[in-house]
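In what follows, a structure is listed as structure tokens, so that the remarks can point back to it.
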Amino acid sequence: MAAEDQAAVPRVVSILSALLERVAERNDVVAAVERRIRDVEEQEEEEHDQQEDGKESTTTMTKKKKAVSAFQGLTKPAISVGGYLERIFRFAGCSPSCYVVAYIYLDRFLRRRPALAVDSFNVHRLLITSVLTAVKFVDDICYNNAYFARVGGISLMEMNYLEVDFLFGIAFDLNVTPAVFASYCAVLQTEMAYLEHPPHRRRRHRRHQVRLPPTPAAAYRLIDRALPLSLSLSFVPAVSTVLVS
52 MAAEDQAAVP RVVSILSALL ERVAERNDVV AAVERRIRDV EEQEEEEHDQ
102 QEDGKESTTT MTKKKKAVSA FQGLTKPAIS VGGYLERIFR FAGCSPSCYV
152 VAYIYLDRFL RRRPALAVDS FNVHRLLITS VLTAVKFVDD ICYNNAYFAR
202 VGGISLMEMN YLEVDFLFGI AFDLNVTPAV FASYCAVLQT EMAYLEHPPH
252 RRRRHRRHQV RLPPTPAAAY RLIDRALPLS LSLSFVPAVS TVLVS
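Mapping to the working numbering: the sequence shown position 157 is 208, numbers consecutive.
In structure tokens form, the structure reads like this:
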């Protein structure tokens, strides 16, 4: 039975989760390096100011602060990106096309907010919100925000707030043409090829944040034709870790 459930998950779900997980992991490394460099620079600047002025520096009061996003959590959720997206698929009953549209919306959101990079602290909230937005636009039948909040492990108040913030973040640009849809399918198709035949050469860690892949012009068929799971779910178990922090 477990094997059948696993087979029922469309390829687009596993491919999208793998792509976002890799981007988040790389950005985690970049952020950690940047934090260490920033801490060293601030310490050196403070020591220099103390030597120059002979008194306590005000560097900590005037240092540049990183922009805070509503999607940014204080801790990393225990559930993996793959497990989280599969949970959304199993309980939200979205059509496979919704995940491609969610990916398109997420890309639009990040392009309008270049200071925000996908990492382990925000990827889960970005996923549940982008899927919620996509399912309302694509599918004829969908669950309400309260249901999605339970699936995502957040409160209804937070779900509502994230949805509004996300919609303004993409400037309510919800329309997706067939050509745009096909181009993003091509990106996910490339990701599938990467998963099936990963490069053997080791690559050094990037020193800059990793964005989502650009969309090529070529189009490929990616979406499985299998229907989503039944929408008649009377109970959704609580997520293993609630995303409240």
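The beta-carbon is built from N, C-alpha and C at its ideal position, and this holds for glycine as well.
Nothing here was measured: the structure is a model prediction, and the numbers come from that model.
{"Asked": "Nearest to residue 73 (by Cα), restricted to the options 133, 156 and 202", "Found": "133"}
{"Asked": "Sequence-distant residues of its chain with Cβ nearer than 6 Å to residue 189 (five each side left out)", "Found": "148, 149 and 152"}
{"Asked": "For residue 164, the three-state DSSP class (helix, strand or coil)", "Found": "coil"}
{"Asked": "Alpha carbon of residue 60 to alpha carbon of residue 140, nearest angstrom", "Found": "7 Å"}
{"Asked": "Of the listed residues 177, 170 and 71, nearest to residue 160 (C-alpha basis)", "Found": "177"}
{"Asked": "Contact between the stretch 158–173 and the stretch 215–230 (3+ Cβ pairs under 8 Å)", "Found": "yes"}
{"Asked": "Coarse secondary structure for residue 78, derived from DSSP in three states", "Found": "helix"}
{"Asked": "N-terminal and C-terminal residue of the alpha helix (DSSP H) that residue 240 is part of", "Found": "229–247"}
{"Asked": "Where residue 131 falls, given that 16 or more other Cβ within 10 Å makes a residue buried", "Found": "exposed"}
{"Asked": "The stretch 165–174 touching the stretch 74–87, judged by at least three CB pairs closer than 8 Å", "Found": "yes"}
{"Asked": "Residue interval of the alpha helix (DSSP H) (run including residue 181)", "Found": "174–189"}
{"Asked": "Inter-residue spacing [alpha-carbon to alpha-carbon] between residue 68 and residue 136", "Found": "7 Å"}
{"Asked": "Which of helix, strand or coil DSSP assigns to residue 193", "Found": "coil"}
{"Asked": "For residue 71, the three-state DSSP class (helix, strand or coil)", "Found": "helix"}
{"Asked": "Same chain, Cβ closer than 7 Å to residue 197, five either side skipped, listed in chain order", "Found": "207"}
{"Asked": "Where the alpha helix (DSSP H) containing residue 211 begins and where it ends", "Found": "207–220"}
{"Asked": "DSSP state of residue 157 mapped onto helix, strand, coil", "Found": "helix"}
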